[in-house]
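Worksheet for the structure shown next.
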Amino acid sequence: MTNAREFISSCLMDAAKAIEKARKAGLSIKYKGRNDKATSADLASESLIAGRIRKEYPGAKILSEESYAQKDLWHDLLFVIDPIDGTHNFIQGLPVYGISLALYSSGKPVAGGTYMIPQKELFYAEKGRDATLNGRRIRVSGTRRLEDFFLLSDSRLHMVEEEGKLGQMVRLEGMSQHTRFIGATIYEMCYVAFGIADASLHFRIKPYDFAACAFIAEKAGAKVSDFEGRPWSLSTQRFLASNGKQHSRILEVLNGN
Numbered sequence: 006m007t008n009a010r011e012f013i014s015s016c017l018m019d020a021a022k023a024i025e026k027a028r029k030a031g032l033s034i035k036y037k038g039r040n041d042k043a044t045s046a047d048l049a050s051e052s053l054i055a056g057r058i059r060k061e062y063p064g065a066k067i068l069s070e071e072s073y074a075q076k077d078l079w080h081d082l083l084f085v086i087d088p089i090d091g092t093h094n095f096i097q098g099l100p101v102y103g104i105s106l107a108l109y110s111s112g113k114p115v116a117g118g119t120y121m122i123p124q125k126e127l128f129y130a131e132k133g134r135d136a137t138l139n140g141r142r143i144r145v146s147g148t149r150r151l152e153d154f155f156l157l158s159d160s161r162l163h164m165v166e167e168e169g170k171l172g173q174m175v176r177l178e179g180m181s182q183h184t185r186f187i188g189a190t191i192y193e194m195c196y197v198a199f200g201i202a203d204a205s206l207h208f209r210i211k212p213y214d215f216a217a218c219a220f221i222a223e224k225a226g227a228k229v230s231d232f233e234g235r236p237w238s239l240s241t242q243r244f245l246a247s248n249g250k251q252h253s254r255i256l257e258v259l260n261g262n
């Protein structure tokens with residue numbers, strides 16, 4: 006059995022090659038719903054990573070966006086895969102997409118990595134160690150004032166509205182420096198970890214969206230919680246990740262205070 010860092014890193018890098026090969030061969034697109042698509046590249050990435058897991062960790066369970074609907078999130082060995090985060094960006098040719106792979110044990114993160122393919126950025130974290138970007142330690146920003154905050158989100162506006170939070174998001178945008186919606190959870194949370202952004206907000210996300218990047222952000226010093234300020238887990242659906250300086254205030258605004 007290889008160590009977690011070597012295994013996750015090699016899976017991500019090789020999956021990136023599989024994605025590029027599938028793109029060059031001509032993408033086929035599967036429509037799972039009105040705003041939900043999967044491509045032949047998603048399936049190629051997932052197949053490669055899942056095959057590696059079955060070989061190196063034969064007793065492990067797999068949860069993935071496309072083909073592995075694992076319901077036991079608290080298994081003693083669980084890999085969580087997002088074969089392409091930002092599939093819509095990928096299809097449109099917008100260079101904001103990547104791959105995510107995390108290892109959990111009994112519901113707790115052990116290791117996680119994300120690879121932003123266009124930027125060649127490999128973020129990684131594991132239990133007992135600091136988060137890194139391409140092998141170098143990273144930390145959250147030191148921004149203190151909310152009016153100086155750069156906020157990110159990947160949520161569609163209709164989801165924000167359906168959650169009853171559209172007015173609160175508009176208010177937060179007015180209270181901060183900038184708010185950007187870029188459509189890939191791994192970018193938003195990892196860029197909080199790297200200090201590019203000061204906070205990221207997420208509505209209705211799935212475990213494969215955040216399993217690696219929420220852990221990476223936390224290991225870089227971020228405060229990560231649900232919208233009620235409670236600790237996050239694989240069953241959390243609404244996230245705030247921030248540098249911690251205005252976390253409570255952002256939660257107050259989100260909750261209408």
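Number 150 in the working numbering belongs to position 145 of the sequence shown; there are no gaps in the numbering. Cβ atoms here follow ideal geometry from the backbone N, Cα and C, with glycine treated the same way. As the structure is a prediction and not an experimental result, all values here were calculated from the model.
Buried or exposed (CB count within 10 angstroms, at least 16 for buried), residue i
i	result
Ile58	buried
Gln97	exposed
Lys228	buried
Asn94	buried
Gln251	buried
Pro212	buried
Gly147	exposed
Trp79	exposed
Ile34	exposed
Glu152	exposed
Glu25	exposed
Asp77	exposed
His207	buried
Asp81	exposed
Ser105	buried
Ile51	Just to set this straight, residue 51 is Glu in the shown sequence, not Ile. Result: buried.
Gly234	exposed
Ala9	buried
Met6	Residue confidence is low: Met6 scores 45 on pLDDT, short of 50, so the model does not pin down where it sits. No coordinate-derived value is stated.
Ser240	exposed
Reduced DSSP secondary structure (H/G/I, E/B, other) of residue i
i	result
Gly118	strand
Lys35	strand
Pro212	helix
Glu11	helix
Lys26	helix
Ser240	coil
Lys250	coil
Ala43	strand
Met6	Legend: pLDDT at Met6 = 45, less than 50; position of this residue unreliable, value from coordinates given subsequently. Met6 falls in the coil class under three-state DSSP.
Reference residue i; option with closest CA among the options
i	options	result
Lys113	Ile104, Ala216, Ala27, Ala23	Ala216
Leu48	Asp153, Asp203, Arg28, Ile13	Arg28
Cys195	Glu178, Glu126, Arg235, Ile67	Glu126
Gly31	Thr44, Ala198, Ala55, Ala21	Thr44
Lys22	Leu156, Pro123, Ile67, Thr92	Pro123
Asn248	His207, Asn139, Pro236, Asp203	Asp203
Gly261	Phe232, Thr137, Tyr102	Phe232
Leu156	Phe186, Arg149, Ser238, Leu99	Phe186
Arg142	Gly91, Ser111, Phe199	Phe199
Cβ-heavy atom distance, residue i to the ligand SAM, below 7 Å
i	result
Tyr102	You won't find the ligand SAM in this model; it holds no ligand whatsoever.
Could you tell me which uninterrupted beta strand (DSSP E) segments, each at least 3 residues in length, are contained entirely in the region 145-210, listed from first to last along the chain?
Counting only runs of 3+ residues, the beta strand (DSSP E) found wholly inside the region 145-210 occupies 155-158, 183-186, 204-207, in chain order.
Residue ranges of each beta strand (DSSP E) within the region 54-139, 3 or longer:
Restricted to the region 54-139, the beta strand (DSSP E) segments that are unbroken, complete and at least 3 residues in length are 66-69, 83-90, 103-110, 113-121, 126-131, listed in chain order.
Cβ contact (3+ pairs, closer than 8 Å) linking the region 83-94 and the region 189-203
Taking one beta carbon from each stretch, the region 83-94 and the region 189-203 have 3 or more pairs nearer than 8 Å; the two touch.
Would you check if the region 125-137 and the region 243-257 touch, i.e. whether three or more CB-CB distances between them fall below 8 Å?
Judged by pairs of C-beta atoms under 8 Å, the region 243-257 does not touch the region 125-137, as fewer than three such pairs exist.
For the pair the region 174-182 and the region 218-225, tell me if three or more CB-CB distances fall below 8 Å.
With a cut-off of 8 Å on Cβ pairs, the region 174-182 is not in contact with the region 218-225, counting fewer than three such pairs.
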